[in-house]
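Chemist: Questions regarding the structure given below will be posed in turn.
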Amino acid sequence: MSLPHWEETPTDLPAAVREIKAALRDRIAASGRTVEEVFGVVEDRVRVAVEEIEAAHKSGESVWPVIEYDQLAAGSVPAEQIALLRRRGCLVVRGHFPREQALAWDRDIVDYVDGNHFFENYRGPGDDFFGSVGSKPEIYPIYWSSAQMEARQSDRMARVQAFLNSQWTHESEGVRWFDPDRDSLYPDRIRRRPAGADSDGLGTHLDPGTLDLWMTSANQRAFRHLFDGSVEQYDPWDAAHRTDGPQYPGSTMCSAFRTFQGWTALSDMDHDQGVLHTVPVPEAMAYLMLRPLLADVSDDDMCGVTVNQVFPASEKWHPLLMRALSGIPDVRAGDSVWWHCDMIHSVAPVRDQQGWGNVMYIPAAPWCPRNERYAASVRAAFATGDSPADFPPEHYEREWPDRFPAAALNNTGRRGLGL
Ligand SMILES: [Fe+2]
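Read in order, the letters of the sequence shown are residues 1 to 419 in our numbering.
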C-alpha cells in the first residue's frame, strides 16, 4: 500500500491534509497497531528525556553538552560526552576559534558594511521572518565578507562539521547518503544585536520542513518507522532518504540538508541576554510528526503546520516538549553553538541587552545530492555577489569591491562550492 504524495505544494491544502492523515492512520492500522499505541511509545520515550532535563534544571546543572575544541581536534572527547551529545542533540564547542580571531572578524564585518555604506542603502527587511526586529537591521543580509568565508573554509570549521556529521548514520541500504568529511559551505547571514537592544525573540519552532515532512515520498521514506508499525526503530540520527529533498517553497525554506544548524559567536553573550534555546530531545521529532494523527486534532489540521510559515511547536499541542526548553550557557566570542536539524528552538526575548549579541550563522551541511544541486546556485551567487537563492533577492554586495575573492578560496572552499 503506497501513500499518496505530493512532490510540489498541493493546490488544495486542506484536502491534501485530510487525505494524508487518513492514509497514515490506515497504514498504522494495517501494521496491527493503533495510532494511540504508537504515539504512546514515542511519548514514553520522550518523557524519560524530558524528566532527565527537568532534573538537570532543578539541580542547576547545565543541560547543553560542552566540548573543548582542542579535545575534539585531538580526537580525545570522552565517550560519555559523545553519549550526551547524542542524547541532547545539541552542543557548545568552546574555543572553536581563538577569541581574538572572532573579535577581529566582528570588526572586519563592521568595516565591510560601513565601507560599503550598507546602512545608508538598507531597504528594510527582505522577508517577514525576522521582520519584527525593527527598521534598524540586526540581521545583516550579507553573505560574502572575508570574515564569513574564512570561517566557512577554515580547517577548524571543517573539523567540527566532520565530527558532528559523523554522529549520523550516513551509510545504509547500500547507499552513502552524504560525505561527512566534505561540507557544502551553506552561505547564511550575520546577526549583530547591539547593547541596549530590546527584542521579542523568536517563538518555538523547527526548520526541517513543513507539510512536505508528511507529504513528499522522500520524507515518507525517511520517517517510515513512525507509520509502518516499527516505531521502536525510529532513529533521529539516521540520514537515510533525508538527502534527496525537496522542501516546499517558502520564505524560510532551506534547500540544503543540514545535519546541524549552528552559529559562531562573534561577541561574548551571557545566558540571560536573549539567547538561543532548544528542546534538547532529538526524538521529539517523532512526537511532532505523530501528534496530528490523534483524534483531538481536526482532520484538516496538522497542529498548525502549514506552508510558507515555520513549523510551530506550542504549549497547546506539545506541552510535554515545552517543559524541556533549555537555553545555552554563557558563551564567549569564538565559541560555536550547534543543534540537530529537526530540533525545536527559539530565541528568548530581552530588554536592554547587556553587551553585543553577534553571530555568524554557519551550519553543517555535508555533501549529498541535495546540497550538490544547491551548490550550483551558490557558486553563481558567489561569483556575482548575489544573495543566495534561499534568501530574499536583496543583492547588496554585487558592487562591493572587497567581497571575498575567488582567488582566496582554499581547497576546502573550492570543494564546498563544487569546484
Ligand atoms: Fe529556526
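All C-beta atoms in this analysis are idealised placements derived from N, C-alpha and C, irrespective of residue type, glycine included.
#1: Would you check if the distance between the CB atom of Asn371 and the CB atom of Ala222 is smaller than 9 angstroms?
#2: How many angstroms separate the CA atom of Glu8 from the CA atom of Asp244?
#3: Is Leu321 a contact residue of ligand 1, with contact defined as CB to any heavy atom under 8 angstroms?
#4: Count the other CB atoms, across all protein chains shown, that sit within 10 Å of the CB of Ser154; report buried if there are 16 or more and exposed otherwise.
#5: First and last residue of the alpha helix (DSSP H) that includes Leu294?
#6: Is Gln309 near ligand 1, in the sense that its beta carbon is under 8 angstroms from a heavy atom of that ligand?
#7: Around the Cβ of Pro392, are there at least 16 other Cβ atoms within 10 angstroms (buried) or fewer (exposed)?
#8: From the DSSP output, in three-state form, read off Gly115 for me.
#9: Which stretch, first to last residue, makes up the alpha helix (DSSP H) that contains Tyr69?
#10: So Trp214 and Ile67 are in contact, right, with Cβ under 8 angstroms, and what is the actual spacing, rounded?
#11: Among residues of its own chain, excluding the 5 on either side of Tyr140, which ones have a beta-carbon nearer than 8 angstroms to its beta-carbon?
#12: Note down, in chain order, each residue of its chain lying with its Cβ closer than 8 angstroms to the Cβ of Gly421, except the 5 sequence neighbours on either side.
#13: When we look at the beta-carbon of Gln233 and count the other beta-carbons within 10 Å, is it buried (16 or more) or exposed?
#14: Taking DSSP as the reference, what is the three-state secondary structure of Met269?
#15: For Arg33, collect the residues of the same chain with a Cβ closer than 6 angstroms to its Cβ; drop the 5 residues on either side in sequence, then sort them by chain order.
#16: In terms of alpha-carbon separation, which member of Ala102, Met285, Asp268, Ser298 lies closest to Asp207?
#17: According to DSSP, simplified to helix, strand and coil, what is Ala313?
#18: Using only the alpha-carbon positions, how far apart do Ile53 and Val281 sit?
#19: Return yes when the C-beta of His340 is under 8 angstroms from any heavy atom of ligand 1, and no when it is not.
#20: Any idea what DSSP makes of Glu120, helix, strand or coil?
#21: With burial defined as no fewer than 16 other Cβ atoms inside 10 Å of the residue's Cβ, what is the status of Asn410: buried or exposed?
#22: Taking only heavy atoms of ligand 1 into account, decide whether any of them is closer than 8 angstroms to the Cβ of His345.
#23: Leaving out the 5 sequence neighbours to the left and right, which residues in its chain are closer than 7 angstroms to Arg398 when beta-carbon positions are compared?
#24: Looking at the strands, I want to know which residues DSSP matches up with Asn358.
#25: Between the beta-carbon of Val275 and the beta-carbon of Ala313, is there less than 9 angstroms?
#26: Does the Cβ of His205 lie closer than 8 angstroms to at least one heavy atom of ligand 1?
#27: Could you have a look at Pro319 and say whether DSSP puts it in helix, strand or coil?
#28: Determine the extent of the alpha helix (DSSP H) in which Pro14 is found, giving its start and end residues.
Modeler: Answer, in terms of the structure:
#1: With a cutoff of 9 angstroms on beta-carbon distance, Asn371 and Ala222 are scored as not near each other.
#2: Using only the alpha carbons, I get a separation of about 14 angstroms.
#3: Outside the cutoff, so no.
#4: Burial of Ser154 is indicated by the presence of at least 16 other C-beta atoms within 10 angstroms of its C-beta.
#5: Judged by DSSP secondary structure, Leu294 falls outside any alpha helix (DSSP H); it is assigned neither H nor E.
#6: No.
#7: Under this definition Pro392 is an exposed residue.
#8: In this structure, Gly115 counts as helix in the three-state DSSP scheme.
#9: In the DSSP assignment, Tyr69 falls within the alpha helix (DSSP H) that extends over 69-74.
#10: Actually they are not in contact, since the Cβ atoms of Trp214 and Ile67 sit about 34 angstroms apart, beyond 8 angstroms.
#11: Short of 8 angstroms from the beta carbon of Tyr140, and not among the five residues preceding or following it, lie these beta carbons of its own chain, in chain order: Ile109, Val113, Phe118, Arg189, Ile190, Arg191, Arg192.
#12: Residue 421 lies beyond the residue range present for the chain, which begins at 1 and ends at 419; the question has no answer from this structure.
#13: Counting other Cβ atoms within 10 Å of its Cβ, Gln233 stays below 16 and is therefore classed as exposed.
#14: Reduced to three states, the DSSP call for Met269 is strand.
#15: Cβ contact annotation for Arg33 (same chain, cutoff 6 angstroms, sequence separation greater than five): Gly229, in chain order.
#16: Here the closest residue by C-alpha is Met285.
#17: Annotated three-state conformation of Ala313 is coil, per DSSP.
#18: Roughly 9 angstroms separates the two Cα atoms.
#19: Relative to ligand 1, His340 has its C-beta separated by 8 angstroms or more from all heavy atoms.
#20: It is helical.
#21: With fewer than 16 other Cβ atoms from the protein chains shown falling within 10 Å of its own Cβ, Asn410 counts as exposed.
#22: His345 Cβ: within cutoff of ligand 1.
#23: So the list reads Thr384, Gly385, Asp386, once near-sequence residues are dropped.
#24: Asn358 is bridged to Arg192.
#25: Contact flag unset, no.
#26: Indeed, a heavy atom of ligand 1 lies less than 8 angstroms from the Cβ.
#27: Of the three classes helix, strand and coil, the one that applies to Pro319 here is helix, per DSSP.
#28: Segment 13-30, the alpha helix (DSSP H) holding Pro14.
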